[in-house]
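For the sequence shown, our numbering gives the first residue as 132, with consecutive numbering after it. The C-beta atom is built at its ideal place from N, Cα and C for all residues, glycine as well. To start, the structure under review is shown below, and the notes come after it.
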Amino acid sequence: MTYFRRKWQVLMWKNLIVRKRHWFLTLFELVIPVLLFWLVAWMRQNDVIGKKANVVPEQINLRYSEATIIDYSFIHHDVVNLAYTPDTSFTRQIIEEFNRTLTSVLQNTSKLDSFDAFDSELKLEQFFHVKYENRSINTNHIGYGIVFEDIKDDATIPNDFKYKIRSTIPKWDTKVIFPQFLPAGPTDEADLYIYQGFLAIQMAIDNAYIQVASGGASVNDYTLAIQKFPFPAYKVDIFNELFKSLMPLFTSLSFITISISVLKKVVEEKASGVKEMMKMMGLQTWMVWAGWALNGLMVYAITCAVITTLLCYGYDSDKGPVIANVHFTIIFTLFILFCLAAIFFCFAISSFFMSPTIGMSVGMIVWVFSYTVLQASIGDTTLPLALHLLFSLVPMYNMCTGYNVIAAFESRGVAVNWLNLFSDAMGGSGTSLGSVMLMFFVQMAVYMIITWYVTSIHPGPYGRAEPWWFPCKFCMSSEEKKELMLGSDDEEDERYEAPPKDMKVGLKIQDLRKVFNGNMVAVDKVNLDIYEGQITALLGHNGAGKTTTMSILTGMYSPTAGSVYAKDYNIFQQMDRFRNSLGLCPQQDMLFPYLTALEHLIFFGMLKGMTMGLARSEGLKLLQMLNVSDKKTVLAEKLSGGMKRKLSLAIALIGSPQVLILDEPTSGMDPESRREMWDLLLSLRQNRTILITTHFMEEADVLGDRIAIMDHGKVKCYGTTLFLKRVYGTGYQLTVMKKVSSSVDSITHLIRGSVAGAELKTTHPTQVTYKVPQEQAPNLPDMFAAIEGNKEQLGISGVGISCTTMEEVFLRVGELAREEKYEFDKTSSHSKDQQHMIRNTSNEALTYKKRKGLPLFIQQFKSLILKRSLFNFRRPITSIIYLVLPAVLMWFTMKNNLMNVVQGSQDPPLTMHLSLYGHTSAYVSGPENLQFTYSQLVIQQDSSNVSVKGNIVEALLNIGVENVARYKTHVIVAANFEETNKTATALYNGLAYHSAPISVNMLTNALLRSNSRTSDNSITITNQPLDLENFAGACSQLNEVTLWMTALVWLTLLPIGVRTILTD
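Structure representation (structure tokens):
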């Protein structure tokens, strides 16, 4: 428990340092949100946009009889054209009754221009197209076509009476059922059916059918009437409406810095390898993410607390706070969950990018997009449920939904606390503050799954990549194989030196293989035993596979095949366990730019379980040992290259790890510092397993107890320096200093006389060198004696001899490897793929004429174009973001606007059915038989019926007072059958676009079925507007503001993208 507590402690300590070093950004994150939300509170307190809400009293609308509706419907039209199809005896009978009703009511029958009959619906459409071809001239003319459906013959009266009303009214909005955004009070959305004559025609046609179907008998002597729902008293608060616009905008601006403070730094750590470095030092992956979440919350928790105070507490007790009815702890929790979801949102985005700048830019674009685009869909009653759930996975969208819920509770004056957290505020939609909070938890879970999966299969330049199907591994049963730590028995030829019997294996590498991009073999079946208490040096030319091998051992790369055992476990199956005992000095310096040298050692020391005091003292000791104690307070980014290497080595040594893997630990150091490092490493090798790589042969000779040389991914030899020099040694090098006039032949003859096989290597005027075979070592004294006796005669001034160096061994191994590869290439079927390894023997001239002037300029220009093309091709994400994406967005927006306008002028047919509004509640009062008939119709249309005793208007008002949000969207129709005056009233919801014709249809069907002669009959009405618009007219209605803004955004992003690509 103490171990984990210390890790949390060091994470918090690091976060505090990050915040201190980036104080300006921290201050920005604190001040900007506070200022913006203080502005909201100030506007509320100072009546800038109206604090006091106007209370609108309850509204009870008048009831209109059928005669009044018919007379009022056509009062604003000069001419009414009527037509019907088909022309049969039944339809003529209906039209006669219909005409009789109209003419008996209308005070001015001259408005009825014609009543034409047509054989088909097509001819009826053509008639109206011709008549209303030029709409601008006939603005006060209106036309209605009545299409009777399923008429089988002339005389039969259908039981299921179906008809369509086709009008020349340009906009009926049959694609939607509610306004996109519901207002606070009542509206007259459904009154269009009254003003334009639709209800008049519907009521007259329904009445005509009832008369015809019942044989002319009256139906209980009821006359039809219509009345809009009453509406309870409500508040008109301009601020409350503006609240839903200001709060999302200010929230988006306040928390956009999350992309800078979290997203950019997360990508920086991944790209630089520091993230993997922390994991190798014992920090578990989930703790890395938790650390960044804490980093964000350190500031945003303070911000959320201040914002909550500003919103929930008013300066003036008379005016009250911005949010008066929701408990402040709920508001604070809502903001905290939003910040956490936003941070996790940044985590998910960061997993897709390697460039911090690109990742931050995309994060900010997506953040702004989530507000500017998705915010327009908040409260959209036409939005499909699937899209609403998808959009709810975006933190900004979900927060905007929360603001709408708060605004709904504020407008109703309903107090919200933790006990009624899940109270529905949006009219039966199930949306509550509790559901918004739960959605934040769902977002965090989804984003962490995305982050976990993407970072697992695509960890970046460092880390072990899992296969895309790796989640299936959890469903597989596997047994970890444990093998004894025996010496390597795969390589027993003369190139591998057998170890002493008492040597203990620290790391056992078996058949290790790594293949990149499917065919590039970087490590090829490496078998190697690395022993405790020794320093093993791994040598090889650039690209031989040394760093790849070490990266696999440390978990930065995942192996293609093979295993590595430490003690009794496979490190690839227990990498976290292995890393707890590992110290790594990578080839690149993986350092935090914002930590000092001492802070690095304290941080990584505490990650290994040390206390802060112990980590500080050991860190100071290591800095003293490495002679960099004077740089302990210097930031890592300001250290020189050699100092950074020393710091990386100190990080590897902190915590006394049992396994040290040092990749070129002395590169970039001066000779004095390098020798200091040698002494240090030699003093630390006891009881440790140390593996180093180096390009300095002298370093390998001094440090390496055993040396392995790699070439093209394979270990060519392994053993002590004496063993390697014996196997690959070239003998001795004899150097003879002579006079310029001395004879080289005479000297050579003398040497070969004493040492057989001596080979002349180089000749200079004053120096000659020979290669002496190693087996001739016993004859060297005789050779020196002969030279000493004849030096005056031969003009020899001096003699020197040296043994084989590690550099010569290294070159000899490489030469043999190239010879083997060359022989393989000549006989292998894959030789074509390896031709680039063979030296080009072309006779092409080594000199050529250089281009000048215009040809040179053209060539340079072509080269630059080629370079930029290759750059963009190899970095497609950058090109898409900065060039293609703006163009695609502009095209998509223009296409959407055009399609919306074109489709908007083509309203589809809509059958008037209560089920359009989902499961609703319908209220009815009147005689029991009519109530029963009406309730059966309601149930058949997927709604529930409520019987009302007494005044139905008062009952509806009480329902609205109890829950006005539900009243707006879930109470669509009602009926009142008054037996005393024989009036049947269809009541309708003024907010629902099509509630009036639905209510009338429900009412006439109830009256129809209440008659025993027509109890099985039904009436179905469909509204199908005539499409009189053309494409050109639709195009002219395009939203010019939207198009110009889209073009402006595109034209702004395009040059920015071009500049970014050209200067990257």
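Q: Note the first and the last residue of the continuous alpha helix (DSSP H) segment covering V343.
A: Run containing V343: 329-344, per the alpha helix (DSSP H) assignment.
**Q.** Closest by C-alpha distance to Y431, when choosing among K396, F941, P590, T382
**A.** Of the candidates K396, F941, P590, T382, the one whose C-alpha sits nearest the C-alpha of Y431 is T382.
Q. Which residues in the same chain have their Cβ closer than 7 Å to the Cβ of F941, if we skip the five residues on either side of it in sequence?
A. L670, M828, I840
(Q) Quick check: what's the CA-CA separation for P1040 versus W303? (A) 10 Å
(Q) If I measure Cβ to Cβ from L255 and keep anything under 6 Å in the same chain, skipping five residues before and after, which residues do I get? (A) A214, T216, F249, G276
**Q.** V1033 (DSSP reduced to helix, strand or coil)
**A.** Only weak support is given to the placement of V1033: the predicted model assigns it a pLDDT of 47, under 50, and the value that follows is read from those uncertain coordinates. In this structure, V1033 counts as helix in the three-state DSSP scheme.
Q: Decide if N758 is buried, meaning its Cβ has at least 16 other Cβ atoms within 10 Å, or exposed.
A: exposed
(Q) Are the CB atoms of H1044 and I1129 within a distance shorter than 8 Å? (A) yes
Q. What did DSSP end up calling N1154 once you bin it into helix, strand or coil?
A. DSSP, reduced to helix, strand and coil, places N1154 within a strand of the structure shown.
Q: Look up I85 in the DSSP assignment and give the residues it is bridged to.
A: Since the first residue shown for the chain is 132 and the last is 1195, residue 85 is missing from the structure and cannot be characterised.
Q | Span separating the alpha-carbon of K145 from that of A517 | A | 42 Å
Q) Since A1115 sits in a beta bridge, which residues does DSSP pair it with? A) L355, F1108
Q) Is Q817 helix, strand or coil when you go by DSSP? A) coil
Q.
In the DSSP output, what is F279 paired with across the bridge?
A. According to DSSP, which records beta bridges pairwise, F279 is partnered with Y294.
Q) Roughly how many angstroms separate the alpha carbons of A692 and I640, rounded to a whole number? A) 11 Å
Q. For L147, does the count of other Cβ atoms within 10 angstroms reach 16, so buried, or fall short, so exposed?
A. exposed
Q: For T727, I'd like the list of residues in its chain whose CB is within less than 8 Å of its CB, leaving aside the five on either flank, ordered along the chain.
A: K763, T764, V765, L766, A767
Q.
By the DSSP assignment, the beta strand (DSSP E) with M868 in it spans what residues?
A. Here the beta strand (DSSP E) through M868 covers 863-869.
Q) Any chance the segment 691-706 sits against the segment 743-752, with 3 or more Cβ pairs inside 8 Å? A) no
Q) Of the choices R297, L233, I273, whose alpha-carbon is the least far from that of L253? A) R297
Q) Can the beta-carbon of Y203 be found closer than 8 Å to that of F374? A) no
**Q.** Limits of the unbroken beta strand (DSSP E) element including L791
**A.** 790-794
**Q.** C-alpha distance - F915 paired with G844, whole-angstrom precision
**A.** 44 Å
Q.
Between F1002, D842, T532, Q898, which has its C-alpha nearest V871's C-alpha?
A. Q898
Q) Do the segment 1054-1066 and the segment 1076-1086 touch if we need at least three Cβ pairs shorter than 8 Å? A) yes
Q: Count the other C-beta atoms from every protein chain shown that fall within 10 angstroms of the C-beta of R999, then say buried if there are 16 or more, exposed otherwise.
A: exposed
Q. Name the DSSP bridge partner or partners of R194?
A. Q358
Q) Counting pairs of beta carbons, one from the segment 538-550 and one from the segment 450-457, are three or more of them closer than 8 Å? A) Remark: three or more beta-carbon pairs, one from each stretch, lie closer than 8 Å, so the segment 538-550 and the segment 450-457 are flagged as touching.
Q: To the nearest angstrom, report how far apart F571 and F463 are at their CA atoms.
A: If you take the alpha carbons of F571 and F463, they lie about 14 Å apart.
(Q) In this structure, how does DSSP classify Y444 when only helix, strand and coil are distinguished? (A) coil
Q) Any chance the segment 392-399 sits against the segment 410-429, with 3 or more Cβ pairs inside 8 Å? A) yes
Q: Could you spell out where the alpha helix (DSSP H) holding S748 opens and where it closes?
A: 743-756
Q: Ignoring anything shorter than 4 residues or poking outside the segment 463-538, list the alpha helix (DSSP H) runs there in chain order.
A: The qualifying runs are 487-503, 516-522.
Q: Indicate whether M411 and L715 have their beta-carbon atoms separated by less than 8 Å.
A: The Cβ-Cβ distance between M411 and L715 falls below 8 Å.
**Q.** Straight-line Cα distance separating T503 from A1165
**A.** Low per-residue confidence applies at A1165: pLDDT is 43, beneath 50, and the placement is therefore not dependable, though the value from the model is reported in the following sentence. Rounded to whole angstroms, A1165 to T503 spans 26 Å at the Cα level.
(Q) Would K355 and M378 be called neighbours here (beta carbons separated by less than 8 Å)? (A) For the record, residue 355 in the displayed sequence is Leu; it is not Lys. It is not a contact, given that the beta carbons lie outside the stated cut-off.
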